[in-house]
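Engineer:
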Amino acid sequence: MKFGGTSVATGENIHRVASIVADSFKEGYSVVVVVSALAGVTNQLMEEAEQAKRQSEKKVQEFTNQLTARHLEAAEKAIEDGGIRKEVKQIIRKTVDELEKVLLGICYVGEVTPKSRDYVLSFGERLSTPLVWGALRDLKVPTQYFTGKEAGIVTDDNFGEARPLMNVTTHHVRERLEPLLEKKIVPVVTGYIAATQDGIVTTLGRGGSDYTATILSVALSADEVWIWTDVNGIMTTDPKIVPLAKTLPRLSFGEAAEMAIFGAKAMHPSALEPVAEARIPVRIRNVFNPENPGTLIANGQETASKDVVKAVALIRDVAMINIKGAAMVGAPGSYAKVLDVLGKSNINIMMISAAVSEANVSLIIRRSLLGRALSALEIALLGRGMVSEITAEDDVCVIAAMGANMKGTPGVASRIFTALAKKGINIRMIAQGSSELNISFVVKEKDGEAAVRAIHEEFKLESM
Ligand code: ADP
Ligand code: ASP
Ligand code: MG
């Protein structure tokens, strides 16, 4: 069972989470629990790591004091037993002390590296997990607390987006967690964070607690993974944009992966890879509505739908790069060069589209990587005759319309584009997704939500 940030946002919520685990445990299930940072904490740590570079010690202390206060207050509300509460509070104070030292280090050196950033980011989960562990003990559930590293998750050293090394991970996880499960003890593991073979802290990418859960499930050959979150399941679109969005009761791994890749935030994009291969079913369920069956992701579970489009996603925080140059026309290897430059800088391309004239290539990347991408492209391409201009737009977003039968059905694109045209929304770039399951396009960020609503309406997704 994995619990997301909102599910553990406050002491009250943490108590609710512990009760859900305790109920399953008392029914006789063997449970492993994976916990995310309290809602908003990872973002705060990210910001603080950036700002620490040019901050005073006092500012760092203000931040750590506020972080301590929030977690101590959660302990107050989540844990009744005085002794357990005291122990958890001590862990929280000690952990924040360590964080403070790291942030002061960044302050003095005036630099954050991908490695030190991951170290800072690991503290969100290192603070939330002891709270859940304490709340479980409070409910008389025998339990033990682990970081991802202690649980045995080993990754490569691609900081910020590390990948698990599954063979060695499986070996360690079995060795460490199986004996506990046999003794009816519930392991509680930090989501999102792991370590390299040398023991250096890494993170699995934003939303990575989902990934932790599926990695552990595969290593332990679990029967099912339950991703507990703050909505009923994977829905036709973000219910924050379209309140009438419907929960999709069943999805195949392929469909769900497509949705995760294209921003249905309900899941980390890589999280489904290990379980799809191992054929372990995944359920997305709502902590605030545990009676709802949620979404089941499993083989052969394609959702029947009346229309070709089943869901629409809005992906924010992206940027578009346009590369122009008449000399790119017909020059073999010119695209390869662009991809190579970005690949070597470790920048993932989310979408790519090129005109028939070949004089123009457009790319979509994460917005946070824009500065680095532009700098690398300019150094490698400008002034060498092939490329005459590199420009960027950072006020755009991607909309992806997804559905299994899209490719073979004519007219889907025209219905989408007519729906947008009727709302006066201009499309900046189009790509027939990275698979046959979706059509993606780029609009100005200010038009994003209206575009999602227009497509949701056009394909009548509210009455799926
Ligand atoms: P957690 O903290 O549990 O990991 P996330 O914030 O990562 O939760 O993901 C859940 C949120 O994703 C929901 O609150 C919802 O607003 C958003 N979301 C976006 N698209 C979808 C979708 N298609 N289905 C369900 N939720 C979605
Ligand atoms: N806390 C991490 C994040 O915000 C991981 C997660 O919540 O899944 O990205
Ligand atoms: Mg998440």
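Under the working numbering, the letters of the sequence shown match residues 1002 to 1465, in that order. Think of the CB as a built atom: it goes at the ideal place given N, C-alpha and C, for glycine as much as any other residue.
Where do the ends of the beta strand (DSSP E) carrying residue 1070 lie?
Structural biologist: Locating residue 1070 in the sequence shown gives position 69, where the first residue counts as 1. No beta strand (DSSP E) holds residue 1070; the alpha helix (DSSP H) holding it covers 1058-1079.
Engineer: Apply the 10 Å Cβ neighbour rule to residue 1334 and answer buried if 16 or more other Cβ atoms are within range, or exposed otherwise.
Structural biologist: Counting from one through the sequence shown, the residue named residue 1334 turns up at place 333. Under this definition residue 1334 is an exposed residue.
Engineer: Please indicate yes or no: does the CB of residue 1210 lie closer than 7 Å to some heavy atom of the ligand ASP?
Structural biologist: Taking the first residue of the sequence shown as 1, we reach residue 1210 at position 209. Checking the Cβ of residue 1210 against the ligand ASP gives yes.
Engineer: Is residue 1126 close to the ligand ASP? I mean its beta-carbon at under 7 Å from any heavy atom of the ligand.
Structural biologist: Position 125 of the sequence shown, counted from the first residue, corresponds to residue 1126. Yes, Cβ of residue 1126 sits closer than 7 Å to a heavy atom of the ligand ASP.
Engineer: So residue 1155 and residue 1140 are in contact, right, with Cβ under 8 Å, and what is the actual spacing, rounded?
Structural biologist: Counting from one through the sequence shown, the residue named residue 1155 turns up at place 154. Counting from one through the sequence shown, the residue named residue 1140 turns up at place 139. The pair is not a contact, with the Cβ atoms about 32 Å apart (cut-off 8 Å).
Engineer: Excluding the 5 residues flanking residue 1418 on each side, which residues of the same chain have their C-beta closer than 7 Å to its C-beta?
Structural biologist: Against the sequence shown, residue 1418 aligns to sequence position 417. Result list for residue 1418: 1428, in chain order.
Engineer: Suppose the cutoff is 7 Å on Cβ atoms and the five residues either side in sequence are ignored; what does the same chain contact list for residue 1452 look like?
Structural biologist: In the sequence shown, counting from the first residue as 1, residue 1452 sits at position 451. The answer, listed in chain order, is 1400, 1421, 1426, 1444.
Engineer: Pop quiz: residue 1217 and residue 1190 are said to be a contact at Cβ under 8 Å. What is the actual Cβ separation, rounded to whole angstroms?
Structural biologist: Reading the sequence shown from its first residue, position 216 is the one you call residue 1217. Reading the sequence shown from its first residue, position 189 is the one you call residue 1190. Right, the Cβ-Cβ distance comes to about 7 Å (below 8 Å), so this counts as a contact.
Engineer: With DSSP as the reference, label residue 1377 as helix, strand or coil.
Structural biologist: The count along the sequence shown starts at 1 and reaches residue 1377 at position 376. Looking at residue 1377 - three-state DSSP - the assignment turns out to be helix.
Engineer: Helix, strand or coil for residue 1287, going by three-state DSSP, please let me know.
Structural biologist: The sequence position of residue 1287 within the sequence shown is 286, counting from 1. Residue 1287: strand per DSSP, three-state reduction.
Engineer: Roughly how many angstroms lie between the CA atoms of residue 1285 and residue 1088, to the nearest whole one?
Structural biologist: Numbered from 1 along the sequence shown, position 284 holds the residue referred to as residue 1285. Numbered from 1 along the sequence shown, position 87 holds the residue referred to as residue 1088. Distance between the alpha carbons of residue 1285 and residue 1088: 32 Å.
Engineer: Any chance you could list the beta strand (DSSP E) runs of at least 3 consecutive residues sitting entirely within the stretch 1211-1282, in chain order?
Structural biologist: For the stretch 1211-1282, whole beta strand (DSSP E) runs of length 3 or above, ordered along the chain, are 1226-1230.
Engineer: What distance in whole Å lies between the Cβ atoms of residue 1462 and residue 1484, which are believed to be in contact at a cut-off of 8 Å?
Structural biologist: Missing from the structure shown is residue 1484; the chain here goes from 1002 to 1465 and no further.
Engineer: Could you tell me the alpha carbon to alpha carbon distance between residue 1153 and residue 1397, rounded to whole angstroms?
Structural biologist: Here residue 1153 corresponds to residue number 152 of the sequence shown, with the count starting at 1. Here residue 1397 corresponds to residue number 396 of the sequence shown, with the count starting at 1. Using only the alpha carbons, I get a separation of about 40 Å.
Engineer: Pick helix, strand or coil for residue 1317, following the three-state DSSP scheme.
Structural biologist: By one-based count along the sequence shown, residue 1317 stands at place 316. Residue state, collapsed to three classes: strand.
Engineer: Determine the direct distance from the alpha carbon of residue 1171 to that of residue 1270, and round the result to whole angstroms.
Structural biologist: Start at 1 with the first residue of the sequence shown, and residue 1270 comes out as number 269. Start at 1 with the first residue of the sequence shown, and residue 1171 comes out as number 170. Roughly 21 Å between the two C-alpha positions.
Engineer: Whole angstroms is fine: what's the gap from residue 1125's alpha carbon to residue 1115's?
Structural biologist: As a working note, residue 1125 is residue 124 in the sequence shown. As a working note, residue 1115 is residue 114 in the sequence shown. Residue 1125 and residue 1115: Cα-Cα distance of roughly 17 Å.
Engineer: Give a single yes or no on whether residue 1007 has its beta carbon closer than 7 Å to a heavy atom of the ligand ADP.
Structural biologist: The sequence position of residue 1007 within the sequence shown is 6, counting from 1. Yes.
Engineer: Would you say the beta carbon of residue 1215 comes nearer than 7 Å to a heavy atom of the ligand ASP?
Structural biologist: As a first step, residue 1215 must be located in the sequence shown, where it is residue number 214. Answer for residue 1215: no, Cβ out of range of the ligand ASP.
Engineer: Answer yes or no: the CB of residue 1237 versus the heavy atoms of the ligand ASP, is any distance below 7 Å?
Structural biologist: Reading the sequence shown from its first residue, position 236 is the one you call residue 1237. No.
Engineer: With 16 other CB atoms within 10 Å as the buried threshold, where does residue 1259 fall?
Structural biologist: Mapped onto the sequence shown, residue 1259 falls at position 258. Residue 1259 should be labelled buried.
Engineer: Under the DSSP definition of a beta bridge, which residues are partnered with residue 1394?
Structural biologist: If you number the sequence shown from 1, residue 1394 lands on position 393. DSSP, once it has assigned bridges, lists 1321 as partnering residue 1394.
Engineer: Are the stretch 1066-1084 and the stretch 1008-1018 in contact at 8 Å, needing three or more beta carbon pairs?
Structural biologist: Yes: the two stretches touch, three or more of their Cβ pairs being nearer than 8 Å.
Engineer: Nearest to residue 1051 by alpha carbon, out of 1067, 1341, 1113?
Structural biologist: Counting from one through the sequence shown, the residue named residue 1051 turns up at place 50. Taking only the C-alpha atoms, the option nearest residue 1051 is 1113.
Engineer: Give the DSSP bridge partners of residue 1430, in chain order.
Structural biologist: Counting from 1 along the sequence shown, the entry for residue 1430 is found at position 429. BP columns for residue 1430 point to 1443.
Engineer: Is residue 1037 near the ligand ASP, judged by its Cβ being under 7 Å from some heavy atom?
Structural biologist: For the purposes of this step, residue 1037 is identified with residue 36 of the sequence shown, where counting begins at 1. Because some heavy atom of the ligand ASP lies under 7 Å away, the Cβ of residue 1037 counts as near it: yes.
Engineer: In the structure shown, what three-state DSSP assignment does residue 1297 receive?
Structural biologist: Reading the sequence shown from its first residue, position 296 is the one you call residue 1297. Strand, per DSSP.
Engineer: For the beta strand (DSSP E) that residue 1354 lies in, which residues bound it at each end?
Structural biologist: For this step, residue 1354 is matched to residue 353 along the sequence shown. Here the beta strand (DSSP E) through residue 1354 covers 1352-1355.
Engineer: Is residue 1106 near residue 1054, with beta carbons less than 8 Å apart?
Structural biologist: Here residue 1106 corresponds to residue number 105 of the sequence shown, with the count starting at 1. Here residue 1054 corresponds to residue number 53 of the sequence shown, with the count starting at 1. Result no, Cβ atoms of residue 1106 and residue 1054 do not sit closer than 8 Å.
Engineer: Looking at the unbroken alpha helix (DSSP H) that takes in residue 1438, where does it start and where does it end?
Structural biologist: Working through the sequence shown from its first residue, we reach residue 1438 at position 437. Element bounds for residue 1438: n/a, residue is neither H nor E.
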